[in-house]
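Read top to bottom, the protein sequences are chains A and B.
Going by the working numbering, the letters in the first sequence line up with residues 1 to 271, in that order.
Going by the working numbering, the letters in the second sequence line up with residues 1001 to 1094, in that order.
C-beta atoms are modelled at their ideal positions from N, C-alpha and C, and glycine is treated no differently.
This one's a predicted model, so the numbers in the text were calculated from it and none came from an experiment.
Single-structure report; data block below.
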Amino acid sequence: MSKVLVVTSGKGGVGKTTSTAALGAALAQLGKTVVVVDFDVGLRNLDLVMGAERRVVFDLINVIQGDAKLPQALIRDKRIEGLSLLPASQTRDKDALSAEGVARVIAELREKFDWVICDSPAGIEKGATLAMHHADAAVVVTNPEVSSVRDSDRIIGMLDSKTAKAERGERIEKHLLLTRYDAARAARGEMLKVEDVLEILSIPLLGIIPESEEVLRASNVGSPVTLNAPQSNPGRAYFDAAKRLNGETVAMATPGEKRGLLGKLFGRRVA
Amino acid sequence: MSLFNWFRPRPTAPAARERLQILLAHERAVGGGSDLIATLKEEILAVIAKHFPLERDKVTVKLDRGDAFSTLEIDIEVPTMNRGQGATRMALRG
Ligand SMILES: Nc1ncnc2c1ncn2[C@@H]1O[C@H](COP(=O)(O)OP(=O)(O)O)[C@@H](O)[C@H]1O
Ligand SMILES: [Mg+2]
Chain A
1 MSKVLVVTSG
11 KGGVGKTTST
21 AALGAALAQL
31 GKTVVVVDFD
41 VGLRNLDLVM
51 GAERRVVFDL
61 INVIQGDAKL
71 PQALIRDKRI
81 EGLSLLPASQ
91 TRDKDALSAE
101 GVARVIAELR
111 EKFDWVICDS
121 PAGIEKGATL
131 AMHHADAAVV
141 VTNPEVSSVR
151 DSDRIIGMLD
161 SKTAKAERGE
171 RIEKHLLLTR
181 YDAARAARGE
191 MLKVEDVLEI
201 LSIPLLGIIP
211 ESEEVLRASN
221 VGSPVTLNAP
231 QSNPGRAYFD
241 AAKRLNGETV
251 AMATPGEKRG
261 LLGKLFGRRV
271 A
Chain B
1001 MSLFNWFRPR
1011 PTAPAARERL
1021 QILLAHERAV
1031 GGGSDLIATL
1041 KEEILAVIAK
1051 HFPLERDKVT
1061 VKLDRGDAFS
1071 TLEIDIEVPT
1081 MNRGQGATRM
1091 ALRG
């Protein structure tokens, strides 16, 4: 059984591409076949975060327009068995994406992979709606910050009205992935808490990814954080989220909560 | 609560939470409001484009929600019709 997952948010820079790479890699590391698809046409970055930027020959637009066959455009990850990437085009814009073309490519991908993970562009226009249209499930990436939460609320509304599932009167599965979370700051009342965001958005929680320098370190070397630092806080948090996507029950840990005495006194994590 | 709390700025997260709850309650109540704006924008663009060459980002449609009434604001920048420089803007509020 194949599942199409969109990683979306409305707002840019919240961690969609990072999460697509990390969840895609983790699912493949757990033994699934996975393709991560970059829908951010014109601003492609997933290839870079996945360390495949020098291997891109054909892209999603080439396949949609019939200039290349799907297998020619798919890039197999050299490190993780079962993981592939379908890159976006850098020279075209999102108008080159057609609804029929996207439908055809997604249908073909469904036949080849257990998971088809679509990295959505920011915004609420064509690129984002096409990325979510065929999804069975959505990961709504949200930072504990007012504008991100508001944009996520908009996106949740669109998932419930604009997707193929919604149009058929079915419910699309929605999961909240809270990223760049700083438990110490939330405890000090400087940042929205997990419960606050959950109460406001009221969709089930898939995971809490802490703010961590491991994420930048991993993207610097073009390796998903679950591969580059599987034992780090964000690495473990992404693995747990991937297991939940697979239907496993994994206890929710709020990462990075340990603080030393000084940290407790000053309410600050000791570096 | 430690002594050090005295030196800390007041927590701002509760304000964020409250503002979001009020705003989103409003935005959800209007429901499909975002769709209305997008539809309006498309239709306005189509009408104007019959008469002027027009760039998409030169048209903004905004709905400001007030308690008693809401304001629909449409701002369109079209190329100047005479030979002069610059652009003409048509603004409409109602
Ligand atoms: N958990 C995290 N901790 C620290 N930095 C993060 C984290 N998640 C994402 N980032 C950083 O935030 C920036 C934007 O992330 P990205 O995944 O490109 O967002 P998006 O795809 O939503 O625009 C990147 O520089 C990334 O390294
Ligand atoms: Mg991105």
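Cβ of residue i less than 8 angstroms from any chain E Cβ?
| i | result |
| --- | --- |
| A:R104 | In the structure shown, chain E does not exist; the protein chains are A and B. |
What do you reckon, is the C-beta of residue i under 7 angstroms from a heavy atom of ligand 1?
| i | result |
| --- | --- |
| A:L70 | no |
| A:I209 | yes |
| A:G12 | yes |
| A:V215 | yes |
| A:P234 | yes |
| A:A122 | yes |
| A:R185 | no |
| A:R180 | yes |
| A:S98 | no |
| A:S147 | no |
So which residues on chain A does residue i lean against when the C-beta distance must stay under 9 angstroms?
| i | result |
| --- | --- |
| B:A1016 | P144, E145, V146, V149, M191, L192, D196 |
| B:A1013 | P144, R185, A186, R188, G189, E190, M191, L192, K193, D196 |
| B:L1072 | Chain A residues near B:L1072: none, gap ~19 angstroms exceeds 9 angstroms. |
Less than 8 angstroms between the beta carbons of residue i and residue j, yes or no?
| i | j | result |
| --- | --- | --- |
| A:V116 | A:V37 | yes |
| A:I155 | A:Y181 | no |
| A:A128 | A:S120 | yes |
| B:L1045 | B:V1059 | yes |
| A:I75 | A:S84 | yes |
| B:R1017 | A:L198 | no |
| A:L60 | A:L86 | yes |
| A:P144 | A:A186 | yes |
| A:A135 | A:T163 | yes |
| A:G10 | A:S152 | yes |
| A:L159 | A:A138 | yes |
| A:Q29 | A:T226 | yes |
| A:N233 | A:S219 | no |
Would you check whether ligand 2 has a heavy atom nearer than 7 angstroms to the C-beta of residue i?
| i | result |
| --- | --- |
| A:K16 | yes |
| A:D151 | no |
| A:N45 | yes |
| A:D119 | yes |
| A:D40 | yes |
Does any heavy atom of ligand 3 sit closer than 7 angstroms to the C-beta of residue i?
| i | result |
| --- | --- |
| A:N143 | Looking for ligand 3 in the displayed structure turns up nothing; the ligands present are ligand 1 and ligand 2. |
Contacting positions in the stretch 1040-1065 of chain B - beta carbon closer than 7 angstroms to chain A: none
Residues, ordered as in the chain, of the stretch 197-228 of chain A that lie near chain B by beta-carbon distance below 7 angstroms: I200
Residues, ordered as in the chain, of the stretch 35-62 of chain A that lie near chain B by beta-carbon distance below 9 angstroms: none
Length-filtered (3 minimum) beta strand (DSSP E) runs lying within the stretch 188-259 of chain A: 205-210
4-residue-minimum alpha helix (DSSP H) runs that sit fully inside the stretch 9-80 of chain A, ordered along the chain: 16-29, 46-49, 60-64, 70-73
Interfacial residues, the stretch 149-165 of chain A to chain B, with Cβ spacing under 9 angstroms: V149, R150, D153, R154, G157, M158, S161, K162
Secondary structure, alpha helix (DSSP H): runs of 4+ residues fully inside the stretch 119-193 of chain A: 126-133, 146-162, 164-167, 183-187
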